[in-house]
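A.B. asks: Structure incoming, see below.
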Amino acid sequence: MKMHARFSTWLQLGRRRETILGREVAAPWAAHASSRRFDHVVHRQVIAPILLAMTQRRTRSWTSTMDVLAPHELTEDDRTLLEAAHEAAKHAYAPYSGFQVGGAVRLACGTIVKGSNQENMAYPSGMCGERVAVFAAGAQHPVSKMTAVAIVSPSEKAIPEGFMPCGGCRQVLVEAERRQDQHLRILLQVRDEDVMIS
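Dropping the structure here:
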């Protein structure tokens, strides 16, 4: 009902605007704006289908599983990638959150590209460490596919069980996978704790 009211308000505002500007703009439906028939047609053809679709929308859910390994159980390649991410975290600029994050991307050619979070006083203008690394890899090595991304934080504020990429970074990682049509392994570690791998 609230959505219906919003649509009605929107239509009323639209009619008012077109009525005022009707002489100048000559909107095709301005002459019919005040008619009840117009309201009925718009409701039947525009609003009702949208409301129906909203009530019939089904939710989808995905379950993701991750392996948890102790650092000594990792392969040499994974340990090297995590070390690169920890090195990158040392160059994080995080004066506002105090939450340093380092990212390292391994490319199919063997190259490792590093990045760290860079904050800004205008908070949305900063960027997460993993996103910096992924974007740098894409910009510097556009033809080489990414095989793995290590994301780490040395911060005491980080909680091992809850250390995950933000929604924006997840979107970037998913799109990176789709662009190269190849799975992208993700390694997550807080300080020297166990490593979560997807």
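Heads up: the sequence shown begins at 0 in numbering that gives the first Met the number 0, then just goes up one per residue. The beta-carbon is built from N, C-alpha and C at its ideal position, and this holds for glycine as well.
#1: Have a look at V112 and S96 and give me their C-alpha separation to the nearest angstrom.
#2: Hey, would you say S152 sits closer than 9 Å to M65, going by beta carbons?
#3: Whole angstroms is fine: what's the gap from T110's alpha carbon to A121's?
#4: Just reading off the beta strand (DSSP E) that Q139 is part of, what are its end residues?
#5: Take R130 and list the residues in its own chain whose beta-carbon comes closer than 6 Å to its own, dropping the five residues that flank it on each side.
#6: Anyone know if the C-beta pair for A88 and G128 falls short of 9 Å?
#7: From what residue to what residue does the beta strand (DSSP E) around Q188 run?
#8: Which of the three DSSP states is assigned to V104 in this structure?
#9: Could you pull the start and end residues of the alpha helix (DSSP H) that L172 belongs to?
C.D. replies: Checking against the coordinates, here is how it stands:
#1: Using only the alpha carbons, I get a separation of about 24 Å.
#2: Going by C-beta atoms, S152 is not nearer than 9 Å to M65.
#3: Rounded to whole angstroms, T110 to A121 spans 33 Å at the Cα level.
#4: Where Q139 is concerned, there is no enclosing beta strand (DSSP E), although the alpha helix (DSSP H) it sits in stretches over 128 to 139.
#5: Closer than 6 Å at Cβ, skipping near neighbours: C168, V171.
#6: Yes. Within cutoff.
#7: Taken as a continuous stretch (DSSP letters only), the beta strand (DSSP E) holding Q188 covers 184 to 189.
#8: Here V104 sits in strand by DSSP.
#9: Residues 166 to 179.
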